[in-house]
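The structure appears right after this line, and notes come after that.
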Amino acid sequence: ALTDLHMTRLTGNDRNLKAKLLYTVKRCIESRHPDFLGDHQQDAHEFLMVCLSHLKEEGELLQSYWPQYTCPVANMEFQLNRRRTCD
């Protein structure tokens, strides 16, 4: 679904197709992470991390078939050295 969504961005402005693909991505994430079920407000950072994790999984699968492929998530990977929390 992410690849199809990217292709619609490049090829046209079919708003209905984009909405359908975004809904498909959301449903995919909900199926693996029930915290994101429904339309309630959620943590955007956590949602982004889940999306990037799924994108990385797809990238690793692609790389097994096409070794030249470089997953774009690799450019954003880092190790967290410090964490701040709110009381």
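Sequential numbering of the sequence shown, starting at -18, is according to our numbering. Glycine included, C-beta positions come from ideal geometry on N, C-alpha and C.
Leaving out the 5 sequence neighbours to the left and right, which residues in its chain are closer than 8 angstroms to residue i when beta-carbon positions are compared?
| i | result |
| --- | --- |
| Asp(-5) | Thr(-11) |
| Tyr50 | Gly40, Leu43 and Gln44 |
Cutting at 7 angstroms between CB atoms, please list the residues of its own chain near residue i, excluding the five before and the five after it.
| i | result |
| --- | --- |
| Asp(-15) | Leu2 |
Could you give the distance in angstroms between the alpha-carbon of residue i and the alpha-carbon of residue j?
| i | j | result |
| --- | --- | --- |
| Ala55 | Asp20 | 30 angstroms |
| Ile10 | Ala25 | 13 angstroms |
| Glu27 | Thr66 | 15 angstroms |
| Asp16 | Gln23 | 8 angstroms |
When DSSP labels each residue in this structure, what does residue i get in the three-state scheme?
| i | result |
| --- | --- |
| His21 | coil |
| Pro15 | helix |
| Gly40 | helix |
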